[in-house]
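S.K.: What follows is a structure written as structure tokens; I'll ask about it next.
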Amino acid sequence: MARDRQNGDDFVGPLRKLLVGLLVVVLFGIFVVWRIDSPRVERFRAAVVDAVVPNMDWAMAPVTGLLNMVADFQSYQRIHEQNRDLRRELQQMRAWREAALQLEQENAKLLDLNNVRLDPNLTFITGVVMADSGSPFRQSVLLNVGGRDGILDGWPTMDGIGLVGRISGVGQTTSRVILLTDTSSRIPVIIQPSGQRAILAGDNTIYPLIDFLDSADVVRPGDRVVTSGDGGMFPADLLVGQVALGSDRRLRVRLAADYERLEFLRVLRSPQIEVITDPGTLIVPALPAISLLPPTDPALPPPDAEAADG
Amino acid sequence: MADAVGSRRWVGRVTYGLIAFGLIFVQLLPLNTMPPGWAPPDLLLVVTMVWVARRPDLVPVLLIAVVFLLTDLLFQRPPGLMTALVLIATEMLRARAAGLRNAPFALEWATVSVMIAGLTLGNRLILAAAMTPQAPLGLTMVQLLMTCLSYPLIAGLAQLIFGIARPAPGEVNTLGQRI
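Line by line, the protein sequences are chains A and B.
Mapped onto the working numbering, the consecutive letters of the first sequence carry residue numbers 171 to 480.
Mapped onto the working numbering, the consecutive letters of the second sequence carry residue numbers 20 to 198.
Take a look at the structure:
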């Protein structure tokens, strides 16, 4: 009987094998196309995410809420300890608040004296985190604001305090934020008292690495790290965090944003995003068309027209 | 009778689809946005392997392709690569599934582990060849290990909850047909 079954399968076998092989080839083809023309496929990905994830939202929001409530409930067990910590922190905060108030008054006075007008262009849109990347190798979250709300690729995203990441991938109703901790995140920063410029490079840990630092001697743990605005990518002076010395003796950043609870994120309308429209002219400037051979056949179009076409 | 068997098969396929959807849903929940120090097992892959090794008739190739292509797109992986590798691995496993029925469980586990390892390494090699930025090697290895270790657990759960058992040789279903 078993023999019969296998024989019965046999005449469908080759056809099936062929079709599966074809499917595998098509899938590898998708990968190759993605590698060659990533933006187009990424736009397709954003469209798929846009179509799928908002449909899950009705279930996702309550489940997430419920699990967070469970986590909160567990934290009640440590409430006494937390209370004591909070009291101590409050004490410190009072001192800081006093200092901040004095500085604010001084600042207001100085601004008034100088007749400074602050930049009104930096407005923001707030979005809710719908989903995360779903993979331990990628650090990104999905917001419920998208192209419909005027979000553009490259805009910086903050929580209430510090920088969280940048928009990369915009769908109609959703947009993806690549977090600073992602391995592909590179942000130009400046380290405050010393004015050193560096690149903040994510490496899939909660403490991103400070890379391309000019002289590490003048940077100390505890220094403030803010965006530098180099390259016109981000506005300058957005708070990123503080310098910390990692366990591997390399300089890292303790992020100011609370990465444990990313719930509401602000997307800043960054005024100066360069839009890359044409990949060719960006690297190679347009050359004047030089014909090496003089046109022999008058029926052929002149080389100038061809060059203009291509 | 053939209709009854057919509908049972469709119920099995829909069940697999629902499990896959549930796993994707849970992974997408924004519970923890901290970068993890370790990687959880790739449960969807394990579930697929269990199903293919034990009841290949319930997981057609197209269903696997659709599920994994969707996860490729949703989880920010290079689209198509993982799907193609999973299809190759499951086809190899499918061809061996009949032989694995009589084999001891340890052999089934070893076969699946080798396939998962080959899949992970192949993925990394192809990504390296295409000069694509990759996840840290340590994290990938942790995930590979966890995925292989979780196979017996998932196989047991599948048997308990969904009745995805290895059919004994000559075993018949309730309708008297060979499985």
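Glycine included, every Cβ here is placed at the ideal spot set by N, Cα and C.
Relative to the C-alpha of Arg186 of chain A, which candidate in B:Val33, B:Pro79, B:Thr52 and B:Ala23 has its C-alpha closest?
M.R.: Within the first sequence, the letter at position 16 stands for residue 186 of chain A. With distances taken between CA atoms, Arg186 of chain A lies nearest to B:Pro79 out of B:Val33, B:Pro79, B:Thr52 and B:Ala23.
S.K.: Using C-beta distances below 6 Å, list every residue in its chain close to Trp29 of chain B, excluding the 5 sequence neighbours before and after it, in chain order.
M.R.: Residue 29 of chain B sits at position 10 when you count from the first residue of the second sequence. Within the same chain, Trp29 of chain B has no close Cβ partners at all.
S.K.: Apart from the five residues just before and just after Val45 of chain B, which ones in its own chain have a Cβ nearer than 6 Å to its Cβ?
M.R.: Here residue 45 of chain B is taken as the residue at index 26 of the second sequence, counted from 1. None.
S.K.: Where do the N-terminal and C-terminal ends of the alpha helix (DSSP H) with Met101 of chain B fall, by residue?
M.R.: In the second sequence, the residue the question calls residue 101 of chain B occupies position 82. Its alpha helix (DSSP H) spans residues Leu100 to Leu119.
S.K.: Please report whether the beta-carbon of Phe44 of chain B lies at a distance below 8 Å from any beta-carbon of chain A.
M.R.: By 1-based counting over the second sequence, the position of residue 44 of chain B is 25. Cβ-Cβ to chain A under 8 Å: yes for Phe44 of chain B.
S.K.: Rounded to whole angstroms, what is the Cα-Cα separation between Ser132 of chain B and Arg258 of chain A?
M.R.: As a position in the second sequence, residue 132 of chain B is number 113, starting the count at 1. As a position in the first sequence, residue 258 of chain A is number 88, starting the count at 1. Near 52 Å, if we compare the C-alpha coordinates of Arg258 of chain A and Ser132 of chain B.
S.K.: I'd like to know whether the C-beta atoms of Thr375 of chain A and Leu48 of chain B end up nearer to each other than 8 Å.
M.R.: The sequence position of residue 375 of chain A within the first sequence is 205, counting from 1. The sequence position of residue 48 of chain B within the second sequence is 29, counting from 1. Cβ atoms of Thr375 of chain A and Leu48 of chain B: not closer than 8 Å.
S.K.: Against chain E, with Cβ distances strictly below 8 Å, would Leu197 of chain A count as a contact?
M.R.: The chain labelled as chain E is not found among the protein chains of the depicted structure, namely A and B.
S.K.: To the nearest angstrom, report how far apart Trp228 of chain A and Arg248 of chain A are at their CA atoms.
M.R.: The count along the first sequence starts at 1 and reaches residue 228 of chain A at position 58. The count along the first sequence starts at 1 and reaches residue 248 of chain A at position 78. When rounded, the distance between both Cα atoms is 32 Å.
S.K.: On the criterion of 16 or more Cβ atoms from any shown chain inside 10 Å, does Asp474 of chain A qualify as buried, or is it exposed?
M.R.: Within the first sequence, residue 474 of chain A is the residue found at index 304, counting from 1. Residue placement at Asp474 of chain A cannot be trusted, given a pLDDT of 49 that sits under 50; what the coordinates show is reported in the next sentence. Exposed, because fewer than 16 other Cβ atoms sit within 10 Å of the Cβ of Asp474 of chain A.
S.K.: Can you pull the chain B neighbours of Ile200 of chain A, defined as C-beta to C-beta under 7 Å?
M.R.: Against the first sequence, residue 200 of chain A aligns to sequence position 30. The answer, in chain order, is Pro98 and Gly99.
S.K.: According to DSSP, which residues form a beta bridge with Val347 of chain A?
M.R.: What you label residue 347 of chain A is simply residue 177 of the first sequence in a count that begins at 1. Partner(s): A:Val311 and A:Ile337.
S.K.: Compare the C-beta of Pro306 of chain A against all C-beta atoms of chain B and say whether one is closer than 8 Å.
M.R.: On the first sequence, position 136 is the one that residue 306 of chain A refers to. Closer than 8 Å to some Cβ of chain B, the Cβ of Pro306 of chain A qualifies, so yes.
S.K.: Specify, as a first and last residue, the run of the alpha helix (DSSP H) that Ile173 of chain B falls within.
M.R.: Counting from 1 along the second sequence, the entry for residue 173 of chain B is found at position 154. DSSP places Ile173 of chain B in the uninterrupted alpha helix (DSSP H) bounded by Leu156 to Leu176.
S.K.: At a CB distance below 8 Å, what residues from the region 156-171 of chain B approach chain A? Give them in sequence order.
M.R.: Leu158, Thr159 and Gln162
S.K.: Residues of chain B with a CB under 8 Å from the CB of Ile321 of chain A: which are they?
M.R.: Numbered from its first residue, the first sequence carries residue 321 of chain A at position 151. Here the premise fails: no neighbours, minimum Cβ distance about 18 Å.
S.K.: Quick one: list the residues of chain B neighbouring Ile376 of chain A, beta-carbon separation under 8 Å, in chain order.
M.R.: To locate residue 376 of chain A, count along the first sequence from 1; it is residue 206. By Cβ distance, chain B contributes Met53 and Pro54.
S.K.: Let me know the secondary structure DSSP gives Pro468 of chain A once reduced to three states.
M.R.: In the first sequence, the residue the question calls residue 468 of chain A occupies position 298. With a pLDDT of 49 at Pro468 of chain A, under the threshold of 50, the modelled position of this residue cannot be trusted, and the question is left open.
S.K.: Hey, Gly324 of chain A and Met403 of chain A: beta-carbon distance below 8 Å or not?
M.R.: For the purposes of this step, residue 324 of chain A is taken as the residue at position 154 of the first sequence. For the purposes of this step, residue 403 of chain A is taken as the residue at position 233 of the first sequence. It is a contact, given that the beta carbons lie within the stated cut-off.
S.K.: First and last residue of the alpha helix (DSSP H) that includes Val80 of chain B?
M.R.: For the purposes of this step, residue 80 of chain B is identified with residue 61 of the second sequence, where counting begins at 1. Residues Val80 to Leu93.
S.K.: Assign Gly332 of chain A to buried or exposed, taking buried as 16 or more other Cβ atoms, counted over all protein chains shown, within 10 Å of its Cβ.
M.R.: Reading the first sequence from its first residue, position 162 is the one you call residue 332 of chain A. Buried.
S.K.: Tell me which same chain residues have a C-beta within less than 8 Å of the C-beta of Thr293 of chain A, skipping the five on either side of it?
M.R.: As a first step, residue 293 of chain A is located in the first sequence; it is residue number 123 there, counting from the start. Closer than 8 Å at Cβ, skipping near neighbours: Leu438 and Arg439.
S.K.: Touch check for the region 76-92 of chain B and the region 270-278 of chain A: three-plus C-beta pairs under 8 Å?
M.R.: no
S.K.: Kindly indicate which residue of B:Ala148, B:Glu127, B:Asn142 and B:Ala58 has the alpha-carbon position closest to the one of Arg233 of chain B.
M.R.: Coverage of chain B is limited to positions 20 through 198, which leaves residue 233 of chain B absent and any answer about it impossible.
S.K.: Taking the continuous alpha helix (DSSP H) assigned at Arg422 of chain A, which residues delimit it?
M.R.: Within the first sequence, numbered from 1, the residue matching residue 422 of chain A stands at position 252. Counting along the chain, Arg422 of chain A falls outside any alpha helix (DSSP H), though it belongs to the beta strand (DSSP E) covering Leu421 to Leu425.
S.K.: Consider the Cβ of Val190 of chain A: report whether some Cβ of chain B lies at a distance smaller than 8 Å.
M.R.: Working through the first sequence from its first residue, we reach residue 190 of chain A at position 20. Taking Cβ atoms only, chain B reaches closer than 8 Å to Val190 of chain A, which makes this a yes.
S.K.: Are any of the Cβ atoms in chain A nearer than 8 Å to that of Pro79 of chain B?
M.R.: Position 60 of the second sequence holds residue 79 of chain B. Cβ-Cβ to chain A under 8 Å: no for Pro79 of chain B.
S.K.: Please state whether the Cβ-Cβ distance between Val396 of chain A and Val423 of chain A is less than 8 Å.
M.R.: By one-based count along the first sequence, residue 396 of chain A stands at place 226. By one-based count along the first sequence, residue 423 of chain A stands at place 253. Not in contact: Val396 of chain A and Val423 of chain A (Cβ atoms no closer than 8 Å).
S.K.: Nearest chain B C-beta to Glu476 of chain A closer than 8 Å, yes or no?
M.R.: As a working mapping, residue 476 of chain A is identified with position 306 in the first sequence. Residue placement at Glu476 of chain A is poorly supported in this model, since its pLDDT is 44, which falls under 50; the coordinates are not used for a value here.
S.K.: Please classify Gly199 of chain A: is it buried, with 16 or more other beta-carbons within 10 angstroms of its beta-carbon, or exposed?
M.R.: Mapped onto the first sequence, residue 199 of chain A falls at position 29. Exposed, because fewer than 16 other Cβ atoms sit within 10 Å of the Cβ of Gly199 of chain A.
S.K.: Does DSSP put Pro184 of chain A in a helix, a strand or coil?
M.R.: Here residue 184 of chain A is taken as the residue at index 14 of the first sequence, counted from 1. Residue state, collapsed to three classes: helix.
S.K.: Where DSSP assigns a beta bridge to Phe434 of chain A, which residues make up the other side?
M.R.: Counting from one through the first sequence, the residue named residue 434 of chain A turns up at place 264. Phe434 of chain A is bridged by DSSP to A:Val298.
S.K.: Quick one: what's Arg356 of chain A bridged to in DSSP?
M.R.: In the first sequence, counting from the first residue as 1, residue 356 of chain A sits at position 186. Arg356 of chain A pairs with A:Ala371.
S.K.: Let's see if you can read the secondary structure: which residues bound the beta strand (DSSP E) around Thr234 of chain A?
M.R.: For the purposes of this step, residue 234 of chain A is taken as the residue at position 64 of the first sequence. Careful: Thr234 of chain A lies outside any beta strand (DSSP E), inside the alpha helix (DSSP H) at Ser208 to Tyr246.
S.K.: Would you mind telling me which residues of chain B sit closer than 9 Å to Val437 of chain A, beta carbon to beta carbon, in chain order?
M.R.: The sequence position of residue 437 of chain A within the first sequence is 267, counting from 1. Result: empty, since nearest Cβ-Cβ is about 16 Å, beyond 9 Å.
S.K.: Of all the options A:Val410, A:Gly401, A:Glu276 and A:Pro405, which has the alpha carbon lying nearest to the alpha carbon of Ile380 of chain A?
M.R.: Numbered from its first residue, the first sequence carries residue 380 of chain A at position 210. Answer by Cα proximity: A:Val410.
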